[in-house]
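**Q** Below: one structure in structure tokens.
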Amino acid sequence: MRSGRLVSATAGAAVLALGLAACGGSGDTGDTSDGSTGGEDMAGGDVEVFTWWAAGSEKAGLDALVGVFEEQHPDFTFVNGAVAGGAGSAAKDLLQSRLQAGDPPDTFQAHAGAELQDYIDAAQIEDVSALYDEFGLTDAFPPDLVDRLTTEDGAIYSVPSNIHRANVVWANPTVLEDAGLDPAAEYADLDAWYEALDAVQESGATALSIATTWTQVHLLETVLLSTLGPEAYTGLWDGSTDWEGPEVTAALEHFERLMGYTNGDRDGLDWPDATQQVIDGDAGFNVMGDWAEAAFQEAGSMAPDDYVYFPVPGTDGEFDFLADSFTMPVGAPNPDGTRAWLDTAGSTEGQEAFNKAKGSIPARTDADTSDFSEYQQTAVEAFASDTIVSSLAHGAATPVATLNAISDATSKFTTGASDLATFQSELAAATM
Ligand code: GAL
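All residue numbers for the sequence shown refer to my numbering, where the first residue is 1 and numbers rise by one.
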């Protein structure tokens, strides 16, 4: 069972923040049909690739990209520098220590947007715009994504490997039916969703599975988006929406209520555990980015068609966006190897293999997604027609320091160490 409700009916909707639009791209793929330069590698050696895709479906995505890298650049040896912890919860601190100690990997994963700016400001990554010309990347990505990656002086500091959507609810139809619900039901907003959450809770299953702090911040951002709408949500990050205002209070009340439906062991879990609760039939709903799609696809316990997905209630027609991208660190030990990795990460073949396995969609507009999953087809369409906003928990909306302060405030609130008013003023302080 599937829901096609991720695709907004409002084609051509206003695009916020990114101004991303459906576009065909010129399809300039460089020297070869697979989009890689495919040229002779003049050098070889180890290429340490630092990510947080250490296990499960995320590692399967990375493995797919590595498979293409090994075909395209056989003289280089991929070295897996992955550090476990969803959303880079452990990786980012460790990476920062390494960068500050002058011990960078050959390339690392960073989110397009404010998070990337952190590394640029700290002079920790190199301008790779020359590689855009060399690999034919400029026309391969949506123009507004390239704009977003380009600094005022025309430099570009990373190559995006994908586009993920954050505002998705995943559900187990059997759990919903056991609770007397119609798995195909639509929920216009959070108020409409509470009835279903109550029913699942009364049936004895966890209504809304969640995990450690970053997944709670992830839920928070989708609730802010649902409650405030895309313009005021975007205003939270550019200072035009008042964090101390009554709309934010209302959003935080929703967040508090939703947290009341979640599993008590949440703080000891990471996202795969929370998503697995839905797959296993222990929970009804889970709010997670569409890397969860890869987990559902991988799960042997559930038929590939036997799950439901829909935008977080109140966010239909909105695409809460993030993109993973790869960098050339200053002082990378094997810059030719970095260049080879960036070539593969940006290539048509690399993006097709990686994203098919990862649950995301290619950043390239000329990639063939016809054999991607049904969910991914909805994401392709939604990305082209929805209003795009930037993810908080995944580095698009704010610098890392702001996200860290928001995470601390969220954790205090959800562990009972602060009340709602304190939470709201701490969020306001975090974003000043
Ligand atoms: C995001 C990242 C995704 C996925 C997710 C969960 O920050 O962009 O690719 O890995 O974390 O770990």
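Don't be surprised by glycine CBs; every beta carbon is placed ideally from N, CA and C.
Computed from a predicted structure; not experimentally measured.
Decide if P272 is buried, meaning its Cβ has at least 16 other Cβ atoms within 10 Å, or exposed.
**A** Translated into positions along the sequence shown, residue 272 becomes position 272. With 16 or more Cβ atoms within 10 Å of its Cβ, P272 is classed as buried.
**Q** Keeping to the same chain, check which residues put their C-beta closer than 6 Å to that of Q351; ignore five residues upstream and five downstream.
**A** Position 351 of the sequence shown holds residue 351. Only P362, R364, A367 meet the Cβ criterion.
**Q** Measure the CB-CB distance between F255 and L228 and report whether it falls below 8 Å.
**A** As a position in the sequence shown, residue 255 is number 255, starting the count at 1. As a position in the sequence shown, residue 228 is number 228, starting the count at 1. Against a cut-off of 8 Å, the Cβ pair of L228 and F255 comes out as no contact.
**Q** So what's L208 in DSSP terms, helix, strand or just coil?
**A** To locate residue 208, count along the sequence shown from 1; it is residue 208. Looking at L208 - three-state DSSP - the assignment turns out to be strand.
**Q** What do you reckon, are the CB atoms on A342 and F326 nearer than 8 Å?
**A** For the purposes of this step, residue 342 is identified with residue 342 of the sequence shown, where counting begins at 1. For the purposes of this step, residue 326 is identified with residue 326 of the sequence shown, where counting begins at 1. Position check: residue 342 holds Leu in this sequence, whereas Ala was assumed. Yes, the Cβ-Cβ distance between L342 and F326 is below 8 Å.
**Q** Going by DSSP, what residues sit across from A170 in a beta bridge?
**A** Here the question's residue 170 lines up with position 170 in the sequence shown. Just to set this straight, residue 170 is Trp in the shown sequence, not Ala. Answer by DSSP bridge pairing, in chain order: N286, Y309.
**Q** Does DSSP put Y375 in a helix, a strand or coil?
**A** Translated into the one-based positions of the sequence shown, residue 375 becomes position 375. It is helical.
**Q** Among residues of its own chain, excluding the 5 on either side of S203, which ones have a beta-carbon nearer than 6 Å to its beta-carbon?
**A** Taking the sequence shown and counting its residues from 1, one reaches residue 203 at position 203. So the list reads D178, A179, once near-sequence residues are dropped.
**Q** Quick one: is the Cβ of L403 within less than 7 Å of any heavy atom of the ligand GAL?
**A** Here residue 403 refers to the residue found at position 403 of the sequence shown. The answer is no for L403.
**Q** Let me make sure I understand the geometry here. Which of G337, P335, V308, K412 has the alpha-carbon closest to that of T378?
**A** Along the sequence shown, read from residue 1 onward, the residue named residue 378 stands at position 378. Here the closest residue by C-alpha is V308.
**Q** Answer yes or no: does any C-beta atom of chain D fall closer than 8 Å to that of L94?
**A** Protein chains in the displayed structure number just one, and chain D is not present.
**Q** Is A87 close to the ligand GAL? I mean its beta-carbon at under 7 Å from any heavy atom of the ligand.
**A** Looking up residue 87 in the sequence shown gives position 87. Answer for A87: yes, Cβ within range of the ligand GAL.
**Q** Would a C-beta distance cut-off of 8 Å place A292 and N286 closer than the cut-off?
**A** Position 292 of the sequence shown, counted from the start, is the residue given in the question as residue 292. Position 286 of the sequence shown, counted from the start, is the residue given in the question as residue 286. Cβ distance < 8 Å, so A292 and N286 count as in contact.
**Q** Name the residue from Q277, S411, G264, T387 whose alpha carbon lies nearest to the alpha carbon of D320.
**A** Position 320 of the sequence shown, counted from the first residue, corresponds to residue 320. Nearest C-alpha to D320: T387.
**Q** Would you mind sorting L420 into buried or exposed? The rule is 16 or more other CB atoms within 10 Å of its CB.
**A** Here residue 420 corresponds to residue number 420 of the sequence shown, with the count starting at 1. Classification of L420: exposed, given that the 10 Å Cβ count is below 16.
**Q** What first and last residue would you give for the alpha helix (DSSP H) that runs through F296?
**A** As a first step, residue 296 must be located in the sequence shown, where it is residue number 296. Where F296 is concerned, the enclosing alpha helix (DSSP H) stretches over 291-298.
**Q** Rank V175, Q124, G113 by C-alpha distance to the C-alpha of V330 and give the top, closest one.
**A** Your numbering for residue 330 matches position 330 in the sequence shown. Nearest of V175, Q124, G113 to V330, Cα basis: Q124.
**Q** Are the beta-carbon atoms belonging to A112 and L149 less than 8 Å from one another?
**A** Indexing the sequence shown from 1 puts residue 112 at position 112. Indexing the sequence shown from 1 puts residue 149 at position 149. Taking 8 Å as the Cβ cut-off, A112 and L149 qualify as a contacting pair.
**Q** Do R165 and D282 have their C-beta atoms within less than 8 Å of each other?
**A** What you label residue 165 is simply residue 165 of the sequence shown in a count that begins at 1. What you label residue 282 is simply residue 282 of the sequence shown in a count that begins at 1. No, they are not a contact pair.
**Q** Take the Cβ of P246 as the centre, count every other Cβ of all protein chains shown within 10 Å, and call the residue buried at 16 or more, exposed below.
**A** Reading the sequence shown from its first residue, position 246 is the one you call residue 246. Exposed.
**Q** With DSSP as the reference, please indicate the residues paired to T150 in a beta bridge.
**A** In the sequence shown, residue 150 corresponds to position 150, counting from 1. I156, per the DSSP bridge assignment.
**Q** Identify which residue in I279, F50, V146 has its Cα closest to the Cα of P104.
**A** In the sequence shown, the residue the question calls residue 104 occupies position 104. P104 has its Cα closest to that of F50, out of I279, F50, V146.
**Q** With S57 and D324 assumed to form a contact (beta carbons below 8 Å), what rounded beta-carbon distance in angstroms separates them?
**A** Taking the sequence shown and counting its residues from 1, the one referred to as residue 57 is at position 57. Taking the sequence shown and counting its residues from 1, the one referred to as residue 324 is at position 324. S57 to D324, Cβ: 14 Å. No contact.
**Q** Should the region 407-424 be regarded as contacting the region 209-219, the criterion being three or more beta carbon pairs within less than 8 Å?
**A** Because the criterion of three Cβ pairs below 8 Å is met, the region 407-424 and the region 209-219 touch.
**Q** If you pair each beta-carbon of the region 191-199 with each one of the region 389-409, do three or more pairs fall below 8 Å?
**A** In short, these stretches do not touch, since the Cβ pair count stays below three.
**Q** With DSSP as the reference, please indicate the residues paired to N80 in a beta bridge.
**A** Mapped onto the sequence shown, residue 80 falls at position 80. DSSP output for N80 lists V49 as bridge partner(s).
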